[in-house]
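> Residue numbers (UniProt numbering), protein chains in the order written: chain A, 1 to 422; chain B, 1 to 422.
Using N, Cα and C, we set each Cβ at its ideal position, and we do this for glycine too.
There are 2 protein chains.
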Amino acid sequence: MPWIRIIGRHLPMQCEKHFSLPFLLHLVYLEPNANQTERGIIMAKYTLMKTEGRAKRAQFETVHGTIQTPVFMNVGTIGAIKGAVSTQDLYDIGTQVELSNTYHLHVRPGDKVVKQLGGLHKFMNWERPILTDSGGFQVFSLAKLRKIKEEGVHFQSHIDGHKIFMGPEESMQIQSNLGSTIAMAFDECPSSVADRDYVQKSVERTTRWLARCKTEMARLNSLPDTINKEQLLFGINQGAVYEDIRIEHAREIAKMDLDGYAVGGLAVGETHEEMYRILDAVVPYLPQDKPTYLMGVGTPANILEGVERGIDFFDCVYPSRNGRHGHVYTNHGKMNMFNAKYELDTRPIEEGCGCPACRHYSRAYIRHLLKAKEMLGMRLCVLHNLYFYNHMMEEIRDALDEGRFADYKKMRLEGFAAGEQK
Amino acid sequence: MPWIRIIGRHLPMQCEKHFSLPFLLHLVYLEPNANQTERGIIMAKYTLMKTEGRAKRAQFETVHGTIQTPVFMNVGTIGAIKGAVSTQDLYDIGTQVELSNTYHLHVRPGDKVVKQLGGLHKFMNWERPILTDSGGFQVFSLAKLRKIKEEGVHFQSHIDGHKIFMGPEESMQIQSNLGSTIAMAFDECPSSVADRDYVQKSVERTTRWLARCKTEMARLNSLPDTINKEQLLFGINQGAVYEDIRIEHAREIAKMDLDGYAVGGLAVGETHEEMYRILDAVVPYLPQDKPTYLMGVGTPANILEGVERGIDFFDCVYPSRNGRHGHVYTNHGKMNMFNAKYELDTRPIEEGCGCPACRHYSRAYIRHLLKAKEMLGMRLCVLHNLYFYNHMMEEIRDALDEGRFADYKKMRLEGFAAGEQK
């Protein structure tokens, strides 16, 4: 019975955290055909557990375990979290989903190499869900001399300038080789200052590309040697800051019955207020019975605002990038660990924090490491920041569970605004 | 009763590994006055447990716990092990003693800062023994424009060129501020190609400096605000490659009844054969009832040869430096993890190795990290190498305990010579 095989495969690690025994029995005995594809294998199942206003508290079951949302995905661009953080560390700091970049992995070590090694999960030794972006964003932000055509994009590698072609089919093929849990559709992310006419045409092409992504993924998932035959596909809403284009696009892609829907093309230069305005406008038009992902966002405050507007998934390089520069998050806003006032400060970054840095090391020691350019300083700050984000998401979920998210959000924002603790 | 206090202080962490209950009772009840100073505090106690030829298997009790020898000390120059390795990691990989550099810590963050923070143990959050070098070696190898006088050395910082004076008293004061378990005497380390006349005069001055170190440490240890009033002093034998100067110097310093004796000025450019010849000549003239430390040595083979010649303590930057360059130690010699042949190799660096890298990650993944310049690659290789050294020392101790060190050494050297495993 394929269900038992699938559940059994993940049971040793995932059962305690994600499955209760009654839930498992429910799956196996009571709904034997629910969420089964024609291949008899469990598909993703999104269960909305609670709402507060537009905020959603849900869980999303995947072949690599269940994701409790709202969730922050920890970014490991080329299959490693920058700052000497490993997947073992990710388990320790409560990471649910790891995010990797398709374009970077295609360039190095190569998605075919990763496939030969059994896929990204085996390569990184990470058993929980992985989301891969489509490469589209990197093609538009990093590549040299790109040329967009109906079939896809011709561009030059940002590393050595060699010519690459990527279209919807290629992006799906690469992500299939990586074997991620969730693949993102290949889209164009137009500039936030692009004119209305350009955005309109771009979004229409993105819709056509999405249909091709869906067809190609279905084909890839049915091949005998595909690593993850249950790979999921999220579509991406675009439309820059034009609410009507956004809404029309949301309506179009919602018809395609995808596994989840992302809001792309935000956090690319527009103000926070513009971002919130677009979310207010478009999220209600995305399917409520599917996960909603706000791409590349953001600060702790952005996340709280995003949750309030119905977002389930977030990702951002801020916590790791800031950590590498000695900027750490606390309940009272960010701290610059290079600051001279920490020279003799024996307290942890944040009193009471359960991260590996705060449990063992002082501000004075971390400042010394950073000033002496010892890698350990970066590692400790990145671990702290990722833990801070993961822990905040846990608190957000608890608050939603208990119907007090509005209060929690207010308390959090006031804390951040209070500024660095003395 | 001060003894019980002292033992009690370290009991929770050290007792299981280092003390047996009968041994503790023996200390407390049967020899109540042994190893007590006039301040009623336990002093270092070196117990020779077994010999095999000239090889020694011993334990060395200190105020920060007992060291089982032969031991390899893991180098954390400025209070951190390079390669994003923390003291928590050191516990995990079986490190007994951490070694830090006096000169580097004097320059940054400053030994007075470290003292205000409660000493190096608190600063790094490391409860086991720490050995600090005297700064002498760095003064002679790193400093600009140095001028050696009877009172000490005037030189310029290798970082910003500012003028520093360091003599025996200054070195002892800095090490006292750091509060290390074992302080090293301030000596001159003459070039291995220095002429006989220079070496003779230098060694005589080093002897005079040693007497001043001893006096100054006694004074510092008796001050009320000294962090570690039980700080130990090891003297350093010098004499370059002149056996008679070495032996004469060993005889002189042996009279001073120090806590341990080091062989310095080796592994500075002479051949391995010369180093072994000097060890053969001089170690028999150092006290057998005190620990013997071969400074800055070396390769796994050097260590095996050193143990055979009666060495207890070793330290070297090789495992961490090589690790940062992707060179890892195995039972079959070193491997260069950048090598293309590891691209698709799903095996760990070494099959059966219990280090954090080998337990979780493949050669293919580590190679990818190194090539992509991800810090995690360095961290994993450094962890592997330090574990390799610590684990080899454990095997050496087991072999000595069981009277089979000669066989173990032969087996090990043959393994290294066999070359990289396929």
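Do A/I303 and the ligand COA come close, with the Cβ less than 8 Å from some heavy atom?
The ligand COA is not part of the structure shown, which contains no ligands of any sort.
> Just to check my reading of the structure: residue 483 of chain A and A/T181 have Cβ atoms closer than 8 Å, yes? What is that Cβ distance to the nearest angstrom?
Since the first residue shown for chain A is 1 and the last is 422, residue 483 of chain A is missing from the structure and cannot be characterised.
> Suppose the cutoff is 7 Å on Cβ atoms and the five residues either side in sequence are ignored; what does the same chain contact list for A/R379 look like?
Translated into the one-based positions of the first sequence, residue 379 of chain A becomes position 379. Around A/R379: G83, A84, V85.
> Would you list the one or two residues that DSSP bridges to B/S100?
As a working mapping, residue 100 of chain B is identified with position 100 in the second sequence. Beta-bridge pairing links B/S100 to B/T132.
> Tell me which same chain residues have a C-beta within less than 7 Å of the C-beta of B/L370, skipping the five on either side of it?
As a working mapping, residue 370 of chain B is identified with position 370 in the second sequence. Taken in chain order, the residues that qualify are G326, M337, F338, G377.
> Specify the secondary structure class of A/L48 as computed by DSSP and reduced to three states.
In the first sequence, residue 48 of chain A corresponds to position 48, counting from 1. Here A/L48 sits in strand by DSSP.
> A/L21: buried (16+ other C-beta within 10 angstroms of its C-beta) or exposed?
Position 21 of the first sequence holds residue 21 of chain A. Caution applies to A/L21, whose pLDDT of 42 falls short of 50 and renders its modelled position unreliable; the model cannot decide the point.
> First and last residue of the beta strand (DSSP E) that includes B/F155?
Counting from one through the second sequence, the residue named residue 155 of chain B turns up at place 155. Unbroken beta strand (DSSP E) run through B/F155: 152-156.
> Mind checking which residues open and close the alpha helix (DSSP H) that includes B/Q116?
The residue you call residue 116 of chain B lines up with position 116 of the second sequence. Per DSSP, B/Q116 belongs to the alpha helix (DSSP H) from 111-116.
> Which residues share a DSSP beta bridge with A/N74?
Here residue 74 of chain A corresponds to residue number 74 of the first sequence, with the count starting at 1. Answer by DSSP bridge pairing, in chain order: A/E98.
> Is the CB of A/I41 under 9 Å away from at least one CB in chain B?
Counting from one through the first sequence, the residue named residue 41 of chain A turns up at place 41. Caution applies to A/I41, whose pLDDT of 47 falls short of 50 and renders its modelled position unreliable; the value that the coordinates give is listed next. No, because no Cβ of chain B sits closer than 9 Å to the Cβ of A/I41.
> So who's on the other strand from A/F234, going by DSSP bridges?
If you number the first sequence from 1, residue 234 of chain A lands on position 234. For A/F234, which the question treats as bridged, DSSP gives the partners A/M184, A/G260.
> Please report the straight-line C-alpha distance between A/L142 and A/A240, rounded to a whole angstrom.
Your numbering for residue 142 of chain A matches position 142 in the first sequence. Your numbering for residue 240 of chain A matches position 240 in the first sequence. Taking the straight line from one Cα to the other gives about 19 Å.
> Name, going along the chain, the residues of the region 70-101 of chain A whose beta-carbon falls closer than 8 Å to a beta-carbon of chain B.
Correct list: I78, G79, A80, I81, K82, G83, A84, V85, S86, T87, Q88.
> Considering only residues of the same chain and omitting the five flanking positions on each side of A/N228, which have a CB-CB separation below 6 Å?
Within the first sequence, the letter at position 228 stands for residue 228 of chain A. Result list for A/N228: G179, in chain order.
> If we count the other Cβ atoms within 10 Å of its Cβ and call it buried at 16 or more, is A/D315 buried or exposed?
What you label residue 315 of chain A is simply residue 315 of the first sequence in a count that begins at 1. Looking at its Cβ environment, which holds 16 or more other Cβ atoms inside 10 Å, A/D315 is buried.
> Is any beta-carbon of chain B found at less than 9 Å from that of A/R128?
In the first sequence, the residue the question calls residue 128 of chain A occupies position 128. So, not an interface residue.
> Express the C-alpha separation of A/L233 and B/H368 in angstroms, rounding to a whole number.
For this step, residue 368 of chain B is matched to residue 368 along the second sequence. For this step, residue 233 of chain A is matched to residue 233 along the first sequence. Each residue's Cα considered, the two are about 27 Å apart.
> Within the chosen definition, does the region 275-283 of chain B reach the region 190-202 of chain B through at least 3 CB pairs nearer than 8 Å?
The answer is no - the region 190-202 of chain B does not touch the region 275-283 of chain B, with fewer than three Cβ pairs under 8 Å.
> For chain A, find out if any of its Cβ atoms is closer than 9 Å to the Cβ of B/T37; answer yes or no.
The sequence position of residue 37 of chain B within the second sequence is 37, counting from 1. Unreliable positioning characterises B/T37 in this predicted model, as indicated by a pLDDT of 44, which lies under 50. The coordinate reading is nonetheless provided below. Judged by the 9 Å Cβ criterion, B/T37 is not in contact with chain A.
> Per the contact definition of three or more C-beta pairs closer than 8 Å, is the region 113-132 of chain B in contact with the region 400-415 of chain A?
Contact fails: fewer than three Cβ-Cβ distances are below 8 Å.
> Buried or exposed: B/T37, going by 16 or more other Cβ atoms within 10 Å of its Cβ?
For this step, residue 37 of chain B is matched to residue 37 along the second sequence. Summary for B/T37: the model assigns pLDDT 44, below 50, so the residue's position carries little reliability, and this model does not support an answer.
> Can you tell me which of A/F165, A/L48, A/I236, A/I366 puts its alpha carbon nearest to the alpha carbon of A/I148?
Here residue 148 of chain A refers to the residue found at position 148 when the first sequence is read from its first residue. With distances taken between Cα atoms, A/I148 lies closest to A/F165.
> Given that A/V263 touches chain B, what residues does it touch there, using C-beta distances under 9 Å?
Start at 1 with the first residue of the first sequence, and residue 263 of chain A comes out as number 263. Result: empty, since nearest Cβ-Cβ is about 30 Å, beyond 9 Å.
> Using a Cβ cut-off of 9 Å (strictly closer), state whether residue 437 of chain B contacts chain A.
This structure gives no information on residue 437 of chain B, because the portion of chain B shown stretches from 1 to 422.
> Please compile the residues from chain B whose C-beta is within a distance smaller than 8 Å of the C-beta of A/Y361.
By 1-based counting over the first sequence, the position of residue 361 of chain A is 361. The answer, in chain order, is S86, N125.
> Listed from N- to C-terminal order along the chain, which residues in the region 362-383 of chain B have their beta-carbon within a distance smaller than 9 Å of any beta-carbon of chain A?
Cβ contacts with chain A: S362, A364, Y365, R367, H368, L369, K371, A372, E374, M375, L376, G377, M378, R379, L380.
> Taking the alpha-carbon of A/E394 as reference, which of A/P356, A/T95, A/G79, A/Y318 has the nearest alpha-carbon?
For the purposes of this step, residue 394 of chain A is taken as residue 394 along the first sequence, with counting starting at 1. Out of A/P356, A/T95, A/G79, A/Y318, A/T95 has the C-alpha closest to the C-alpha of A/E394.
> Would you decide whether A/G298 is buried or exposed? Buried here means 16 or more other CB atoms lie within 10 Å of its CB.
Mapped onto the first sequence, residue 298 of chain A falls at position 298. Classification for A/G298: buried.
> Closer than 6 Å by C-beta to B/M184: which residues in its own chain qualify, once you throw out the five before and the five after it? Chain order, please.
For this step, residue 184 of chain B is matched to residue 184 along the second sequence. So the list reads D133, S134, F234, once near-sequence residues are dropped.
> Give a yes or no on whether 9 Å exceeds the smallest Cβ distance from residue 423 of chain A to chain B.
Nothing can be reported for residue 423 of chain A: it is not among the residues displayed for chain A, which extend from 1 to 422.
> Mind checking if B/L25 is an interface residue toward chain A, Cβ cutoff 9 Å exclusive?
Taking the second sequence and counting its residues from 1, the one referred to as residue 25 of chain B is at position 25. With a pLDDT of only 39 at B/L25, under the threshold of 50, the placement of this residue in the model should not be trusted; the figure read from the coordinates follows. Judged by the 9 Å Cβ criterion, B/L25 is not in contact with chain A.
> Which residues in chain B sit within 7 Å of A/T346, going by Cβ to Cβ distance?
In the first sequence, the residue the question calls residue 346 of chain A occupies position 346. Chain B residues near A/T346: L117.
> Taking Cβ-Cβ distances shorter than 9 Å, what residues in chain A pair up with B/V113?
Your numbering for residue 113 of chain B matches position 113 in the second sequence. Per Cβ cutoff of 9 Å: E343, L344, A364, H368.
> Measure the CB-CB distance between B/T77 and B/N125 and report whether it falls below 9 Å.
Numbered from 1 along the second sequence, position 77 holds the residue referred to as residue 77 of chain B. Numbered from 1 along the second sequence, position 125 holds the residue referred to as residue 125 of chain B. Not in contact: B/T77 and B/N125 (Cβ atoms no closer than 9 Å).
> Around the C-beta of B/I159, are 16 or more other C-beta atoms found within 10 angstroms, so that it is buried, or is it exposed?
Stepping through the second sequence from its first residue, residue 159 of chain B is reached at position 159. B/I159 is exposed by the Cβ-count criterion.
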